[in-house]
Structures are given as structure tokens and as C-alpha cells.
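Written below as C-alpha cells is the structure these notes are about.
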Amino acid sequence: MLSFVRFAALTLALVLPAAAHAQLGPPTITDVNATGLTYTIPYLSGCSNYRLNIVEAQDQTGATLQRIDGSYGTITSLRSGTGYRAWSFCYATRETESSVVSVTTPAGAGTTTTTTTTPTPPARPKPTFTVSATTHNTIKATWSAYPDANEYVIEYRVGTSGALAGIGGTSTGTTITGLSPSTTYSLHLVVRKKGVWAEGSDYKTVTTAAAPPPPTPPVVSFKTSTISTLTPKWTAYTGATSFIVEFTNAAGKSVAMGVSVLEATQTFLPWDTELTVKVTPMIGGVAQTAGTTKMRTASGISAPTVPAPVVTGSACSAAAGYACLAWPAVANATKYKISILRTSTMGTYIEGQEETTALTYSRNVGRGATQSYVVQACTASGCGAYSPVRTVTAN
């Protein structure tokens, strides 16, 4: 009950307990004398702090309200021959109040142990809730609207003695997430009315489902390759929207790329080289179990052998600063592929490739600079073996 009294521009408020809060019992008043009394508040499970509220019966402003902490004690500051109202109050994670006790101090020096409790209306039924669905890490609970409720909280804990956690709001349902698989939880519903945590339901015990088995790692297999590229493919992974693909040689040197499809092509790889291909599925930015396999970069196509290119003579001439290659024609060749090497060592990484139908090739590398190359002859069925490495110095 909330009462107000107005004095000029000043408004005071006195908050009295609601008519019925059956969870916390009213205080037991004993040894009432002209200026004091002794009180005891009954124990309430889950309540760690108790307080007695007492106010003169005719006070509607709160001016005489006294708050005494503790579940029992003695008050010595009352007025003789005066009626009082007293009630228990519990404050912790949840707050609740009891019904009101009325008591009158005697006008003389005598004492009395008689107490009168304001009649309590019949208690409303406890709220109930239903667990409508569970998974390995969630529990969904629903309930019907409770009279006068303005907030609900589902409190839950592991087993029956773990620390309580809560999730709530004003709706009549909620889903608890982030739980552990195959774990038993106890839950109950608490109703908040007029700013006070009031009725609570009985506890229910629910066990989450077992964790689903992890998806099968992607199966990685060879799709195609050239002398400097490798294209693996792999099977789908449940829930994955992207993949990290790593190519690692025997020396441990790796290159990686991210894709959202089920294959990837890595370029500028060393030729005829075995690489470990690792495909890692990603779900929400979290790496899953990877699949791996080994495969080689190689064309695997038979073609005529390309002789070493000729780098001197009238067959190859270029302007200053250009490196020039020349080679004799190869039977049935329809074009020639020139691979530009990072170093002069066979098996090094390829920095670039160009094609020509001519029997010469020149490239501006800077006056006096050197560049290494290999040449392949290509027919309609593909490109053949590499020529020996040729290192050319520009004019």
C-alpha cells in the first residue's frame, strides 16, 4: 500500500508491504513494554539479510518509520500507549516482505506478549512453467501470465546446490543458452510484483541433450595442377561458410588463402613439388577440424622436349636493358611458354609466365641486370618438359 501526504510543495511517501507475501513470515513480537519490544523474524531459504520495519499505526508520512537490521533483536525507542505496525523484510538477490503485525505498547510500566496479525488474504497459487524444448546447450521455458506481475526471472543452476544464475524480462518465455551438454539443471520461476520479488514456483529438474558428434572433416582430393598452380577440392563441412586453405612444402614454407567455395587454386608454386594441402572449415570465425592430403605440381602431359634456348647470335637481338632468349622450332608446337624464375635454381618459385608463338622472347630487366628462365613447347594437348635454366644478362 502506498500513501501520500502533501505539505505545501513537499510530498512524502510511505511504502507499506503488499497485502500478502506468503514466502516470508511476519515477525514474532514478545516482551512488549512501554518503550520497547523484542522481535524474531522466521528463517526464509535464500535470504541472507533480514530487517524489521516498524511504524506508528496512525503515521501516513513515514516520519516514525524505524528499520532495524537483523533477524532478531530488541527495540527500546517506542512511545508508551501507542499502536504500531511491524513487518519482516528480506533483502538479498531477491527481496520480499511479510504481512503486517499490529502491536500496542502499554501506557504503564507493565509488559505484554500478545500480538495481533493483520488477516492475510488466501495465498495465490504458485506460478508454474513448462520446459518446451531442450538441446545440448539450451533450455526453453514458457509460462502463463501471472496476476499483477511486471517482471519474471527463470533462476537456474547446475544440480541442486550450484550457484544460481538468472535470465528474465517481461515476456512469458525465455531460452537459456550457453549450457553444458548432458548436464542436469534445476530451474524455477520467480515473479516480481510492484517492485518486490514475490511468489516463486517449485523447482524443476531438466537434463540437456548429449552433444552432437562433430561433423566429418572435409575430404581433400586432387583436382588439377600445372607447373606452377595446384587446385585441390574437398567435401562440404556442416555449418561452414568459409575455408582456410594452406599449401606447405617439405621445408615448412606455407602460403594460405581463404575461400567460400569447395575448391581453390594457388598460383606461383614450384614445379614438380609435393605439397601438403590443409583445408580448415570456419564457423563463426572459429576453426574446425581440418582435412589434409599431399599432392604435386606437375602437368603430366607428354610433349616434345624443348632444347636449351640459344641466347647469342643474330637470331636474338634486343634493345639496351632487355634480356633476350631464342630457341629452335619444336615439331608440332603451336606456342611456347616462358617461366620467369626468382633464382637460377631449378625448382624455385615462378614469378610469372608468358606465352608466345615466336621463337624469341625479350623482357626489360634493366641494363646489366640478369634474369633466369625456362621454356616449354606446347601442343594442342598441353605443354611439355622444361628446358634447362638459362640466365641472361641484359645489354
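Start counting the sequence shown at 2; every next residue gets the next number (my numbering).
The C-beta atom is built at its ideal place from N, Cα and C for all residues, glycine as well.
Note the first and the last residue of the continuous beta strand (DSSP E) segment covering residue i.
i	result
LEU190	185–194
THR75	73–76
PHE223	221–226
ASN396	Note, ASN396: premise wrong, no beta strand (DSSP E); not H, not E.
SER243	243–249
VAL256	255–260
TYR157	150–159
SER133	131–135
VAL278	275–284
ALA166	166–170
ARG297	292–297
LYS127	Premise fails: LYS127 is in no beta strand (DSSP E) and is neither H nor E.
VAL102	102–105
LEU38	38–41
THR29	29–31
THR209	Segment: none, THR209 is in no beta strand (DSSP E) and carries neither H nor E.
Which partner residues of residue i appear in the DSSP bridge assignment?
i	result
LEU326	TYR362
ASN54	ARG68 and TRP88
PRO233	PHE223
LYS338	GLU356 and GLN377
ALA142	VAL132 and THR175
CYS384	CYS379
VAL287	ILE284
THR97	CYS91
THR371	THR394
GLN267	LEU231
GLY201	VAL191
Enumerate in chain order the residues of its own chain whose CB-to-CB distance from residue i is below 6 Å, with the five nearest sequence positions on each side excluded.
i	result
ASN138	LEU180
THR39	THR31, ASP32 and THR75
LEU25	LEU45, SER89, CYS91, THR97 and SER99
SER345	SER373, VAL390 and THR392
GLY84	ALA58 and THR105
THR371	THR392 and THR394
VAL366	ALA324, GLN372 and ALA395
THR114	Here THR114 scores only 48 on pLDDT, less than 50, and its place in the model should not be relied on; the value that follows carries that caveat. Here the set comprises THR31.
TYR204	SER187 and HIS189
LEU11	Only weak support is given to the placement of LEU11: the predicted model assigns it a pLDDT of 27, under 50, and the question is left unresolved by the model.
LEU165	GLU156 and ARG158
LEU270	SER229, LEU231 and THR298
GLU356	LYS336 and LYS338
ILE284	GLY240 and ALA241
VAL56	THR65, LEU66 and ARG86
SER303	Because the pLDDT of SER303 is 42, which lies under 50, any placement of that residue in the model is unreliable, and the number read from its coordinates should be weighed accordingly. Once the five neighbours on either side are set aside, SER303 has no close Cβ partner at all.
Which residues in the same chain have their Cβ closer than 7 Å to the Cβ of residue i, if we skip the five residues on either side of it in sequence?
i	result
GLY71	TYR51
ILE177	THR139, ILE140, ILE155, TYR157 and ILE168
THR225	THR232
VAL220	TRP235, THR236 and GLY292
ALA321	ARG368 and ASN396
GLY353	ILE341
ILE69	ARG52, LEU53 and ILE76
PHE223	PRO233 and MET296
VAL256	PHE248 and GLN267
ALA319	CYS325, SER363 and ASN396
Since residue i and residue j are thought to touch, with beta carbons under 8 Å apart, how far apart are those beta carbons, to the nearest angstrom?
i	j	result
VAL411	VAL207	Residue 411 lies beyond the residue range present for the chain, which begins at 2 and ends at 396; the question has no answer from this structure.
ILE339	VAL376	6 Å
LYS127	SER183	About 30 Å separates the two Cβ atoms, so there is no contact after all.
THR173	SER145	6 Å
GLU275	LYS295	6 Å
SER187	THR209	Wrong, their Cβ atoms sit about 12 Å apart, outside the cutoff.
ALA241	GLN289	7 Å
ALA252	MET258	ALA252 to MET258, Cβ: 19 Å. No contact.
THR239	PRO216	4 Å
By Cβ distance, which residues of its chain are closer than 8 Å to residue i, with the 5 residues on each side in sequence left out?
i	result
THR335	THR358, CYS379, THR380 and ALA381
ALA108	ALA35, SER81 and GLY82
GLY369	THR394 and ALA395
PRO213	HIS137
ILE228	TRP272, ASP273, THR298, ALA299, SER300, SER340, ILE351, GLN377, CYS384 and TYR387
Touch check for the region 237–255 and the region 275–284: three-plus C-beta pairs under 8 Å?
yes
Stretch pair the region 72–80 + the region 24–44: three plus CB contacts closer than 8 Å:
yes
Would you say the region 179–193 touches the region 141–154, given that touching needs at least three Cβ pairs under 8 Å?
yes
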